Each structure stands twice: as C-alpha cells, then as structure tokens.
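Visitor: In this text, residue positions in the sequence shown follow our numbering: the first is 3, and each later residue adds one.
A virtual CB, placed ideally from N, CA and C, is assigned to each residue, including glycine.
Since the model is a prediction, treat every value here as computed from it, not as a measurement.
Got a structure for you, written out below as structure tokens; questions coming shortly.
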Amino acid sequence: MDRTNERKTGGIIMAKAAVTAEEEVKQRIAYKSPYEQWKEAEGLPTYRGLFVKNLYDLELTPWRSSGAGAAAFLNLDGTGGFNDAYVAEIPAGKSLKAHKHLFEETLYILKGQGATSIWLTPEKKETFEWQEGSYFSIPMNAWHEHHNASGIEPARYIAMTSAPRVIDTFNNYEFVFDNPFVFRDRYNGEEGYFKQKTPAQQWSTNFIADVRACPMFSSGFDRGGGAKSTVFRMVNNTVKSHVSLWGVGAYKKAHRHGPGIHVLIIRGTGYSLMWQEGKAMERIEWGPGSVFVPPEMWFHQHFNGGADPVFFLAIGWGSDKPKAGGKAYIYKSVKDGGDQIEYEDEDPAIHAEFEAAMQRAGAQCKMDYHPYCTAK
3 MDRTNERKTG
13 GIIMAKAAVT
23 AEEEVKQRIA
33 YKSPYEQWKE
43 AEGLPTYRGL
53 FVKNLYDLEL
63 TPWRSSGAGA
73 AAFLNLDGTG
83 GFNDAYVAEI
93 PAGKSLKAHK
103 HLFEETLYIL
113 KGQGATSIWL
123 TPEKKETFEW
133 QEGSYFSIPM
143 NAWHEHHNAS
153 GIEPARYIAM
163 TSAPRVIDTF
173 NNYEFVFDNP
183 FVFRDRYNGE
193 EGYFKQKTPA
203 QQWSTNFIAD
213 VRACPMFSSG
223 FDRGGGAKST
233 VFRMVNNTVK
243 SHVSLWGVGA
253 YKKAHRHGPG
263 IHVLIIRGTG
273 YSLMWQEGKA
283 MERIEWGPGS
293 VFVPPEMWFH
303 QHFNGGADPV
313 FFLAIGWGSD
323 KPKAGGKAYI
333 YKSVKDGGDQ
343 IEYEDEDPAI
353 HAEFEAAMQR
363 AGAQCKMDYH
373 PYCTAK
C-alpha cells in the first residue's frame with residue numbers, strides 16, 4: 003500500500019496533508035543546502051560569477067567564529083559545487099582561533115608574514131613561518147591556528163577547500179567540524195612535515211616558502227606558448243595544483259577539464275577566453291590578484307596580453323573528475339578524441355585579436371610557429 007502521504011504518531015498512522023504543486027515550488031525556491039546554511043551562519047558575504055578582478059582590495063566582513071579575522075567566500079560559477087575558496091585577513095599582531103574540519107584546505111599567502119601551528123594532540127605542535135608568496139596545505143582534520151607576525155600590517159590569504167561537497171554530503175556539522183578520526187596516512191604529527199622538500203617537476207612537498215621563486219620545468223603536456231610549469235603533490239592528495247609561466251608575445255592552446263580549478267594570477271596581465279562548445283565566448287581581463295574558474299567542459303585559453311611574462315597558480319580538484327561516461331580528460335587534439343584545440347584548428351580571429359592586443363601593449367607577437375601569425 004502506498005503510504006507516502008502518511009506519518010506515524012504514537013503507533014497510530016496519521017494522514018499527511020498533500021503538498022500542492024504550488025507549495026512544492028515555494029519549498030524548492032526557499033531551499034538552502036547545508037553548505038549554504040553553514041555559510042549564512044558564519045555571517046560572511048559570498049562573491050559569485052566567473053571571476054574576481056582583484057583579491058587584494060576585495061571587501062571583507064568581520065568573521066566572528068575566527069575571533070579577530072575578516073573574510074569572504076568565493077563560490078565562482080566554474081566550481082560546480084565541488085569546491086570553494088575564501089579570502090581571509092588576520093589583523094596586525096593577532097591570531098585566528100584554532101579549529102579543524104573534515105574537508106581539505108590549501109592556502110596561498112597574498113600579503114603579510116606570520117606563522118601557522120598544526121597539531122593532532124596539544125602537546126605536539128609544529129609551527130612554521132610563512133610570508134607573501136608562501137603556499138601550503140592543511141592536513142585533513144588536523145587542528146590549525148594562523149598567526150600574524152607583524153604588529154603593523156594585516157596578513158591576507160586565499161584558501162581553496164572541498165567544504166561544499168563534504169558539508170552537503172554528511173549534512174552534520176558536528177561530524178564535519180568535531181570528528182575524532184585521524185588521517186594518519188596523510189599526517190601523523192611527524193616532525194619536519196612542513197619543511198620545503200627538494201624541488202622537482204612533480205614536487206612532493208607540503209610547504210613552499212615562495213612559489214614565485216620556485217624552479218620551472220618544460221611542460222609535461224604540449225600546451226604551447228613556450229609555457230613551463232611545476233606540479234605540486236601536497237598532503238591533500240585529492241587536490242592537485244601547479245604553477246605556470248610563459249613569456250611575452252605568446253598564448254596557450256585552448257583546452258578543457260573538470261570543474262573547480264581556481265586560476266590565481268600572480269604576475270602579468272592579459273585575458274582568457276572561455277566557452278562551451280558551440281556557444282559564445284566569455285572574455286575575462288585579468289592582472290595580479292585576479293582569480294577565475296573555468297566551468298566543467300568549457301574550453302578556455304590564456305593569453306599574455308602585456309609586455310611582461312605571466313605567472314599563475316592553479317589550485318583545484320576537478321581535473322581528476324571524469325567526463326560523462328567515466329572517461330579521463332586527454333590533452334591531445336579534439337580531432338583525435340582529446341580535449342585540446344591545436345593552433346591550426348582554432349578560429350583565425352583568435353590569433354588576429356591577440357596580435358592587436360600585442361600592439362596595444364607595445365609588444366610583439368613571437369609565435370612565428372603559429373599558422374595564422376603575421377609576424378613571420
């Protein structure tokens with residue numbers, strides 16, 4: 003017997019009033035996910051859209067649960083709800099409250115200097131210092147506390163986390179923020195865990211003193227434009243990240259991947275094109291402090307539009323998310339079933355606009371290998 007509109011009270015089955023279609027629509031409109039409810043309780047604003055122009059002057063709000071800090075959430079469209087980011091500031095001479103959580107978190111220091119303490123048990127803390135340009139990862143469910151070492155200037159950082167999918171999956175704040183489980187396979191309180199390791203193209207380290215000064219290697223995939231990169235393998239091993247550098251007068255090939263890759267511009271100016279196959283392009287103008295997230299399966303292409311090299315940090319999770327049908331992204335030509343558009347297959351107008359951008363910047367196109375280049 004169908005009892006979907008009944009409920010049981012004291013052993014007696016009571017009839018449940020039917021929900022009309024109009025009431026159901028109202029309920030759906032009013033619905034907020036567990037993650038959105040948690041953000042609301044934190045009392046912080048949320049920035050949405052395809053990108054944020056400048057994180058350095060982004061307006062923040064007092065963050066009551068952190069103690070002295072101020073912050074704002076970033077839920078950019080390209081995350082697809084798989085991850086998020088937030089920007090936080092620590093006032094001069096202050097510390098944020100110690101806390102832990104069951105989601106992953108990776109931090110880049112935008113400005114300032116300070117230290118972070120991490121521990122599993124109070125008697126065994128490890129504290130390491132950081133500065134502008136430092137990059138590190140918080141072990142999942144480990145206690146951590148951030149300190150500003152300057153008595154004059156605030157410190158500001160951006161953190162990318164997996165909070166949305168974790169909070170929405172478990173829908174229990176005590177489970178997420180007060181869980182006793184220890185991920186000893188990731189972090190067991192060992193000494194020296196946050197000392198920078200020897201650099202490599204696939205760099206296994208949990209702390210980088212200054213990503214802006216890290217060695218760069220020839221790209222492991224043919225993205226073009228003379229790009230070099232370094233890939234980071236950190237404690238939060240489902241979060242992948244890399245830095246990318248390429249010079250004046252060049253741009254990368256269009257490609258696509260999964261959701262949630264936060265691209266943070268550290269040096270240089272330029273623009274990116276992003277589009278769904280068969281649809282109009284979105285153009286994003288960026289400079290130092292800009293961050294954007296290409297949506298899942300959207301092609302995107304990065305252009306150095308200035309007279310200086312471009313350097314960015316990409317932090318995310320979605321590159322490992324398989325495509326529909328369970329297939330992985332492959333960086334070879336779309337003509338061969340891959341997810342990259344080779345230069346000879348792109349719209350000629352793309353390169354023409356890039357050459358025009360070079361003229362406006364007082365620079366020259368150096369892509370004489372490009373089939374549509376006029377600077378040969």
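Measuring alpha carbon to alpha carbon, tell me which of Thr48, Pro93, Leu98, Ala73 ends up nearest Asp79.
Guide: For Asp79, the nearest C-alpha among the options comes from Thr48.
Visitor: Going by the CB atoms, is the gap between Val293 and His259 shorter than 7 Å?
Guide: Contact flag unset, no.
Visitor: Identify the residues that DSSP records as bridge partners of Asn150: which are they?
Guide: Partner(s): Gly116.
Visitor: Is the CB of Pro350 under 7 Å away from at least one CB in chain C?
Guide: Absent from the structure is chain C; it holds one protein chain and no more.
Visitor: If I follow the unbroken alpha helix (DSSP H) through Arg30, where does it start and stop?
Guide: 23-32
Visitor: State the Cα-Cα distance for the pair Phe84 and Lys378, rounded to the nearest angstrom.
Guide: 44 Å
Visitor: Below 7 Å CB to CB, which residues in the same chain sit around Pro36 once its five sequence neighbours on both sides are set aside?
Guide: Ile169, Asp170, Asn173
Visitor: Out of Gln115, Leu112, Ala354, which has the shortest C-alpha to C-alpha gap to Ala252?
Guide: Ala354
Visitor: Taking the alpha helix (DSSP H) that Gln178 belongs to, which residues open and close that run?
Guide: Residue identity check: residue 178 is Val in the sequence provided, not Gln. Note, Val178: alpha helix (DSSP H), 175-179.
Visitor: Taking just the CA atoms, how far does Ile317 sit from Pro261?
Guide: In this structure, the straight-line span from the alpha carbon of Pro261 to that of Ile317 is close to 11 Å.
Visitor: Express the C-alpha separation of Ala72 and Trp145 in angstroms, rounding to a whole number.
Guide: 20 Å
Visitor: DSSP state of Phe75, grouped into three classes?
Guide: strand
Visitor: Mark Ser68 as exposed unless 16 or more other C-beta atoms lie within 10 angstroms of its C-beta, in which case mark it buried.
Guide: buried
Visitor: Once DSSP output is grouped into helix, strand and coil, what is the label at Gln342?
Guide: strand
Visitor: I'd like to know whether the C-beta atoms of Ser335 and His302 end up nearer to each other than 7 Å.
Guide: no
Visitor: Lys99 to Ser119, Cα distance in whole Å?
Guide: 11 Å
Visitor: Out of curiosity, what's the CA-to-CA distance linking Phe185 and Asn208?
Guide: 15 Å
Visitor: Out of curiosity, what's the CA-to-CA distance linking Thr63 and Leu46?
Guide: 6 Å
Visitor: Hey, how far is the Cα of Met218 from the Cα of Ile210?
Guide: 14 Å
Visitor: Assuming contact is defined by CB atoms lying nearer than 7 Å, are Gly308 and Ala363 in contact in what I supplied?
Guide: yes
Visitor: Using a Cβ-Cβ cut-off of 7 Å (strictly less than) and excluding sequence neighbours within five positions of Tyr110, which residues of its own chain qualify?
Guide: Tyr137, Tyr159, Ile160, Leu266, Leu315
Visitor: Are the CB atoms of Val213 and Glu106 nearer to each other than 7 Å?
Guide: In this structure, Glu106 does not lie closer than 7 Å to Val213 by Cβ.
Visitor: Using 10 angstroms around the beta-carbon of Tyr189, count the other beta-carbons present and answer buried if the total reaches 16, otherwise exposed.
Guide: buried
Visitor: Measuring alpha carbon to alpha carbon, tell me which residue in Leu112, Val21, Tyr371 is nearest Pro1.
Guide: Absent from the model: residue 1. The displayed extent of the chain is 3 to 378, so no value can be given.
Visitor: Where does Pro64 sit, in a helix, a strand or coil, going by DSSP?
Guide: It is a strand residue.
Visitor: To the nearest angstrom, how far is it from the Cα of Phe177 to the Cα of Leu104?
Guide: 8 Å
Visitor: With DSSP collapsed to three states, give me the class of Met162.
Guide: strand
Visitor: Does the beta-carbon distance from Thr108 to Met162 come in below 7 Å?
Guide: yes
Visitor: On the premise that Asn56 lies in contact with Gly114, defined as a C-beta separation below 8 Å, what is that separation, rounded to the nearest angstrom?
Guide: With 8 Å as the limit, Gly114 and Asn56 do not qualify as a contact, their Cβ atoms being about 16 Å apart.
Visitor: Identify whether Arg258 lies in helix, strand or coil by the three-state DSSP scheme.
Guide: coil
Visitor: If I follow the unbroken beta strand (DSSP E) through Arg225, where does it start and stop?
Guide: Unbroken run through Arg225: none, as it is neither H nor E.
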